[in-house]
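These protein sequence lines map, in sequence, to chains A and B.
Each number in the working numbering corresponds to the 1-based position in the first sequence with 877 added.
Each number in the working numbering corresponds to the 1-based position in the second sequence with 877 added.
Where a beta carbon is used, it is the ideal one built from N, C-alpha and C, also for glycine.
These numbers come from a predicted model, not from an experiment.
What follows is a set of notes on a single structure, which appears directly below.
Protein chains: 2
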Amino acid sequence: MKIQELAERTGLSVHTIRYYEKEGLLDERHVRRDTNNYRHYFDEAIERLKLVKRFQSVGCSLTELKQILQGLDTNTTTTQQGIDWVLSKMKEIERKKEEYDQVLATLNKMLDYKIARQDDPGNKHR
Amino acid sequence: MKIQELAERTGLSVHTIRYYEKEGLLDERHVRRDTNNYRHYFDEAIERLKLVKRFQSVGCSLTELKQILQGLDTNTTTTQQGIDWVLSKMKEIERKKEEYDQVLATLNKMLDYKIARQDDPGNKHR
DNA sequence: GCTTGCATTAGAGTCAACTCTATAGTTTAC
DNA sequence: GTAAACTATAGAGTTGACTCTAATGCAAGC
């Protein structure tokens, strides 16, 4: 498939896809060139980009992603390094979820306050 | 207290605190000027900055935070708008937590795979 | 009174992650 | 066969959130 189709299938823009390639997040398993120099994408590219999107949306930088994905792809990362990365990432995510819970608690308090004020017909400034 | 102390107490840099003020996240309830033009901070500033930090760490932009906080402060936001914001933010956070769970599942799969490979003495490329 | 350290400002610089522009070649539909 | 739509590149511009610099002034300890 060509870049436009991949863009539609992944929800990324063609610009972003080219940018990701430049940043080293795609390799010859995902994309090659046709004779006209157009990029030809394999289905693997869809999976890869969706993976990138998911991890990126939980706070992985492209640089970090690139390192870990290249490590997995080329086996330059040892298995132990891979395990360590996964474990530390999992801890990070658990921490993050706790932060979200804290914010949710704060929002809940705000909501109670707001609703109380709404029901109070004499609600005033301060 | 002066800016340095506030920085220590909030874990932000003095640069960042001044930047936040410039961006409208602090007002006269949090900071005023001494005769020598030094900023003098009240305890409210600590709470405010911690709130900003927490919300910001779960993906609120400073612009969004500024709007909602100013709305709360000056009562230009109606109660209903406040409730709506809180509710939509809560939904957003729930969605985000689901994303985190998905990533955790992916990481778990990766971990299983890695551990299997580690135990396999004949582990090879691909 | 002098040094060291903290305070002020305006504005420049940085970084990540896009996002867009200009220019030019290719493909497709009619 | 030509216009519209898609592809390519290099490189410039944008945005958000800092982060730092330079020049200068105030303060506290000795």
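Query, Result
"Any C-beta of chain B under 8 Å from that of A:Q947", "no"
"Distance cut-off 7 Å: B:L928 Cβ against heavy atoms of the ligand ADP", "In the structure on display, the ligand ADP does not appear, and there are no ligands present to speak of."
"Secondary structure of A:R906, DSSP reduced to three states", "coil"
"Status (buried if at least 16 other CB within 10 Å, exposed otherwise) for A:H1002", "The pLDDT assigned to A:H1002 is 48, lower than 50, so where the model puts this residue is not dependable; a value taken from the coordinates is nonetheless given after this. Under this definition A:H1002 is an exposed residue."
"Beta strand (DSSP E) runs wholly inside the stretch 912-941 of chain B, at least 3 long, in chain order", "916-918"
"Contacting residues, own chain, Cβ-Cβ under 7 Å from B:A884 (five flanking each side not counted)", "S890, V891 and I894"
"Below-8 Å beta-carbon distance, B:G901 vs any chain A residue", "no"
"Backbone secondary structure at A:E898 - three-state DSSP", "helix"
"The stretch 919-937 of chain B: positions lying closer than 7 Å to chain A by Cβ", "R931, F932, S934 and V935"
"Supposed close pair A:T956, B:K991 - CB separation, criterion 8 Å", "5 Å"
"B:L889 - DSSP class collapsed to helix/strand/coil", "coil"
"Distance between B:E969 and A:G888 (C-alpha atoms, nearest Å)", "19 Å"
"Contact with chain A by B:G888, beta-carbon distance below 8 Å", "no"
"Cutoff 8 Å: B:R994 Cβ touching any chain A Cβ", "yes"
"Whole-angstrom C-beta distance between B:L903 and B:R925, which should lie under 8 Å", "6 Å"
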